[in-house]
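Engineer: In my numbering, the protein residues as written are 3 to 389. Sharing a structure below in structure tokens format, with a few things to ask.
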Ligand SMILES: [Zn+2]
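What follows is the structure in structure tokens.
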């Protein structure tokens with residue numbers, strides 16, 4: 003009497019298992035950026051929805067079997083001529099940048115905002131590594147620094163010294179963090195973006211026209227209320243919200259950008275494209291990026307939390323560029339905005355003094371007054387060879 007229902011039960015279990023196996027296949031193929039799916043314009047949607055969720059429901063929503071997703075190599079061929087800058091990269095930690103040079107070349111990543119550890123004493127060492135990388139390759143690296151004791155007035159001298167020396171930005175700073183496991187115990191993190199010496203640091207940023215890259219998690223509630231206070235108190239300071247799209251909603255991003263013209267969005271595309279914890283898709287952000295095309299910066303965050311690591315994050319930047327479907331906006335977001343933030347910084351007193359010394363030594367008379375920090379930094383980096 004129980005035999006027949008048992009056979010039916012077994013048969014249905016087999017069918018369900020086979021169906022599940024078939025449905026889960028695209029999840030793996032999208033990881034290997036070879037043959038996956040593309041449905042015309044929502045190509046990114048298929049990747050993000052497949053990667054964003056283990057559930058069959060999301061999978062069926064995004065994955066259309068009749069289309070094909072572009073590989074990273076194909077994307078590089080299509081968009082490699084765009085100036086691409088990774089606006090947030092930790093590869094000064096452990097000298098990882100040296101082993102990334104080949105990948106950057108291959109994937110046509112032109113410049114890298116480089117720093118290492120965050121808001122703890124060891125960051126002083128990685129800031130130095132970022133600086134040295136820049137001395138070797140001033141056209142490739144844009145050094146930022148994070149080794150600042152934010153809880154002590156003495157940190158302000160570090161800020162001043164490094165900005166004078168020629169660093170182009172401050173960050174990544176742990177301005178507020180409760181959820182990130184890597185920032186749980188960093189010694190110099192502040193409790194919110196108005197804590198410690200941060201308010202005075204913002205004033206120095208305005209003076210030097212230097213942007214400050216802030217890590218804020220969660221990206222809602224009290225920490226963001228304090229960020230808004232900082233933005234309003236310091237309208238001449240450029241704030242960059244690190245990985246603004248991580249664990250954040252497109253509506254909230256739009257709200258913040260609309261309200262605060264001095265806020266820039268660091269967009270960690272790989273998070274939205276391939277982190278299983280993302281609850282959005284790249285397409286969800288496209289209209290906001292087009293609404294504020296001069297305020298978005300693309301980054302990899304060195305592939306933090308991504309199964310495919312940093313190259314997967316590079317792929318994410320290209321998928322976002324592809325999703326934009328507008329080369330002009332793509333160029334702004336891919337590198338133009340970041341270059342503008344770098345080029346608006348004037349040469350510092352320290353840089354100009356050093357250059358004058360070199361010029362005096364060689365009997366060169368030159369007006370240096372209109373030099374930018376970038377130009378001065380480049381001249382100083384090859385002063386031994388050709389000045
Ligand atoms: Zn980071």
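We put the CB at the ideal spot given by N, CA and C, even for glycine.
Could you give the first and the last residue of the continuous beta strand (DSSP E) run that contains residue 88?
Structural biologist: For this step, residue 88 is matched to residue 86 along the chain shown. For residue 88, the enclosing beta strand (DSSP E) begins and ends at 87-91.
Engineer: Helix or strand or just coil, what does DSSP make of residue 374?
Structural biologist: Counting from one through the chain shown, the residue named residue 374 turns up at place 372. Strand.
Engineer: Check whether the Cβ of residue 112 sits closer than 7 Å to any heavy atom of ligand 1, and report yes or no.
Structural biologist: Working through the chain shown from its first residue, we reach residue 112 at position 110. Answer for residue 112: no, Cβ out of range of ligand 1.
Engineer: Rank 235, 285 and 129 by C-alpha distance to the C-alpha of residue 263 and give the top, closest one.
Structural biologist: Translated into positions along the chain shown, residue 263 becomes position 261. Out of 235, 285 and 129, 235 has the C-alpha closest to the C-alpha of residue 263.
Engineer: Rounded to a whole number of angstroms, what is the C-alpha to C-alpha distance between residue 246 and residue 350?
Structural biologist: On the chain shown, position 244 is the one that residue 246 refers to. On the chain shown, position 348 is the one that residue 350 refers to. Roughly 30 Å separates the two Cα atoms.
Engineer: When you get a sec, list the residues whose CB is within less than 5 Å of any heavy atom of ligand 1, chain order please.
Structural biologist: 174 and 303
Engineer: Could you check the C-alpha separation between residue 339 and residue 87 for me, to the nearest Å?
Structural biologist: Looking up residue 339 in the chain shown gives position 337. Looking up residue 87 in the chain shown gives position 85. Rounded to whole angstroms, residue 339 to residue 87 spans 10 Å at the Cα level.
Engineer: According to the neighbour-count rule (16 or more other Cβ atoms, all chains shown, within 10 Å of its Cβ), is residue 317 buried or exposed?
Structural biologist: Translated into the one-based positions of the chain shown, residue 317 becomes position 315. Burial call: buried.
Engineer: Closer than 7 Å by C-beta to residue 404: which residues in its own chain qualify, once you throw out the five before and the five after it? Chain order, please.
Structural biologist: Absent from the structure is residue 404, since the part of the chain shown begins at 3 and ends at 389.
Engineer: Below 8 Å between beta carbons: does that hold for residue 390 and residue 266?
Structural biologist: Nothing about residue 390 can be read from this structure; the chain reaches only from 3 to 389.
Engineer: Does DSSP put residue 152 in a helix, in a strand, or in coil?
Structural biologist: By one-based count along the chain shown, residue 152 stands at place 150. Residue 152 falls in the coil class under three-state DSSP.
Engineer: From residue 162 to residue 212, what distance separates their C-alpha atoms?
Structural biologist: Working through the chain shown from its first residue, we reach residue 162 at position 160. Working through the chain shown from its first residue, we reach residue 212 at position 210. Distance between the alpha carbons of residue 162 and residue 212: 11 Å.
Engineer: Taking contact to mean at least 3 C-beta pairs separated by less than 8 Å, is the stretch 145-155 in contact with the stretch 95-114?
Structural biologist: no
Engineer: Using a Cβ-Cβ cutoff of less than 6 Å, which residues in the same chain neighbour residue 27 once the five nearest sequence positions on both sides are dropped?
Structural biologist: Residue 27 sits at position 25 when you count from the first residue of the chain shown. Legend: pLDDT at residue 27 = 36, less than 50; position of this residue unreliable, value from coordinates given subsequently. Taken in chain order, the list of residues that qualify is empty.
Engineer: For a quick check, are the C-beta atoms of residue 219 and residue 274 less than 8 Å apart?
Structural biologist: Taking the chain shown and counting its residues from 1, one reaches residue 219 at position 217. Taking the chain shown and counting its residues from 1, one reaches residue 274 at position 272. No, they are not a contact pair.
Engineer: With which residues is residue 179 paired in a DSSP beta bridge?
Structural biologist: By one-based count along the chain shown, residue 179 stands at place 177. Residue 179 pairs with 219.
Engineer: From 226, 256, 204 and 117, pick the residue whose C-alpha is nearest to that of residue 293; which is it?
Structural biologist: Counting from one through the chain shown, the residue named residue 293 turns up at place 291. Per the Cα distances, 256.
Engineer: If you follow the beta strand (DSSP E) that residue 132 is part of, which residue opens it and which one closes it?
Structural biologist: Looking up residue 132 in the chain shown gives position 130. No beta strand (DSSP E) contains residue 132, which is instead part of the alpha helix (DSSP H) from 124-138.
Engineer: Provide the residue span of the beta strand (DSSP E) that contains residue 268, from first to last.
Structural biologist: Counted from its first residue, the chain shown places residue 268 at position 266. It spans 265-270 - the beta strand (DSSP E) in which residue 268 sits, taken as one unbroken run.
Engineer: Where does residue 297 fall in DSSP's three states?
Structural biologist: Numbered from its first residue, the chain shown carries residue 297 at position 295. Three-state DSSP puts residue 297 in coil, outside helix and strand.
Engineer: Taking the straight line between their C-alpha atoms, what separation do you get for residue 141 and residue 354?
Structural biologist: Counted from its first residue, the chain shown places residue 141 at position 139. Counted from its first residue, the chain shown places residue 354 at position 352. Distance between the alpha carbons of residue 141 and residue 354: 20 Å.
Engineer: Return the residue from the list 135, 384 and 105 that minimises the CA-CA distance to residue 356.
Structural biologist: Against the chain shown, residue 356 aligns to sequence position 354. Comparing Cα positions, the closest option is 384.
Engineer: Rounded to whole angstroms, what is the Cα-Cα separation between residue 193 and residue 332?
Structural biologist: In the chain shown, residue 193 corresponds to position 191, counting from 1. In the chain shown, residue 332 corresponds to position 330, counting from 1. Roughly 35 Å separates the two Cα atoms.
Engineer: Figure out for me which residue from 197, 125 and 190 has the closest Cα to the Cα of residue 1.
Structural biologist: Residue 1 is absent from the model: the chain starts at 3 and stops at 389.
Engineer: For residue 244 versus residue 319, is the C-beta distance shorter than 8 Å?
Structural biologist: Numbered from its first residue, the chain shown carries residue 244 at position 242. Numbered from its first residue, the chain shown carries residue 319 at position 317. No. Outside cutoff.
Engineer: Does the distance from the C-beta atom of residue 2 to that of residue 174 stay below 8 Å?
Structural biologist: Residue 2 lies beyond the residue range present for the chain, which begins at 3 and ends at 389; the question has no answer from this structure.
Engineer: What does the Cβ neighbour count give for residue 2, buried or exposed, with the cut at 16 atoms within 10 Å?
Structural biologist: Examination of residue 2 is not possible in this model, given that the chain is present from 3 through 389 alone.
Engineer: Buried or exposed: where does residue 38 fall if 16 or more other Cβ atoms within 10 Å of its Cβ makes it buried?
Structural biologist: On the chain shown, residue 38 is found 36 positions in, with the first residue counted as 1. Confidence at residue 38 is low in this model, with a pLDDT of 30, below 50, so its placement is unreliable and the value that follows should be read with caution. Its Cβ being crowded by 16 or more others within 10 Å, residue 38 is buried.
Engineer: So, for residue 301: in the same chain, excluding its five sequence neighbours on each side, which residues have a beta-carbon less than 6 Å away from its beta-carbon?
Structural biologist: Position 299 of the chain shown, counting from 1, holds the residue named residue 301. Once the five neighbours on either side are set aside, the close Cβ partners of residue 301 are 88, 89, 90, 268 and 270.
Engineer: In angstroms, rounded to a whole number, what distance separates the CA positions of residue 348 and residue 373?
Structural biologist: Within the chain shown, residue 348 is the residue found at index 346, counting from 1. Within the chain shown, residue 373 is the residue found at index 371, counting from 1. Taking the straight line joining both Cα atoms gives about 6 Å.
Engineer: Can residue 200 and residue 177 be called in contact, C-beta distance under 8 Å?
Structural biologist: Here residue 200 refers to the residue found at position 198 of the chain shown. Here residue 177 refers to the residue found at position 175 of the chain shown. Result yes, Cβ atoms of residue 200 and residue 177 sit closer than 8 Å.
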